[in-house]
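**Q** If you read the sequence shown in my numbering, its first letter stands for residue 56, the second for the next number, and so on.
Backbone N, C-alpha and C define an ideal beta-carbon position, used for all residues, glycine too.
Note that the structure is a prediction, hence the values are computed from the model and not measured.
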Amino acid sequence: MSEERAPYNVLFLCTGNSARSVLAEAYMNARLGDRFHAYSAGSHPAGQVNSHAIALLKSVDLSVEGLHSKSWDEFAPAGAPRMDFIFTVCDNAAGEVCPIWPGHPTSAHWPFEDPAAFVGDEEATRRKFLDVFMQIRRRIDLFASLPLRNLDSMALKRKLDEIGRNETTHAG
């Protein structure tokens, strides 16, 4: 990977593409958009972004413009943006048969608890979404701190897997 090729295209995959993957897309584009262009998609999209995810993004001053639940099929055909990195953010999507991605992007599994499946009162649900968002943010920040141009593909894959296993790992 060459730094000169930045911004890198990153796809966050989940089953419903209504919460975790959308939170990751919004955060990365807002905070790291000069180096990365993030997208999100799902294997079985919910059809709309979870209202708690929208509320959370607005509460931390991140744009929700253009966010929508979409199928990963949008990113598989010729003419779709070529992905450099693909991260599955839920266990269901990690176990599914994914499309063949052009260019063989580097991929990793970064599991997060599904805040949309959480059962609790309104305040507890908001806290769950915030907790998951903070985990997503930490992993993305670790990823963004990697010296991409200095890592060969095997070392990069190891680092990405390590971030997914232990969010407190230091990427440097």
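1) Answer yes or no: do Asp186 and Thr161 have a C-beta to C-beta separation smaller than 8 Å?
2) Please report the distance separating the alpha-carbon of Gly175 from that of Glu217.
3) When the Cα atoms are used, what is the spatial distance from Ala108 to Glu80?
4) Tell me, please, which residues DSSP counts as bridged to Phe142.
5) Using only alpha-carbon positions, find the residue among Tyr94, Ser98, Gly158, Ser114 that is nearest to Ala133.
6) If you count every other CB in all the chains shown that lies within 10 Å of the CB of Gly88, and 16 or more means buried, which is it?
7) Where His99 and Asn72 are concerned, what is the direct C-alpha to C-alpha distance, given to the nearest angstrom?
8) So, helix, strand or coil for Ala135, using DSSP?
**A** On the basis of the data shown:
1) It is not a contact, given that the beta carbons lie outside the stated cut-off.
2) Going by C-alpha positions, Gly175 is about 31 Å away from Glu217.
3) Going by the C-alpha atoms only, they are around 12 Å apart.
4) Bridge pairing for Phe142: Phe67, Ala163 [DSSP].
5) For the options Tyr94, Ser98, Gly158, Ser114, the alpha carbon positioned closest to that of Ala133 is the one of Gly158.
6) Around the beta-carbon of Gly88, fewer than 16 other beta-carbon atoms lie within 10 Å, marking it exposed.
7) Cα atoms of His99 and Asn72: separation of roughly 8 Å, rounded to the nearest angstrom.
8) In the structure shown, Ala135 sits in coil (DSSP, three-state: anything other than H, G, I, E or B).
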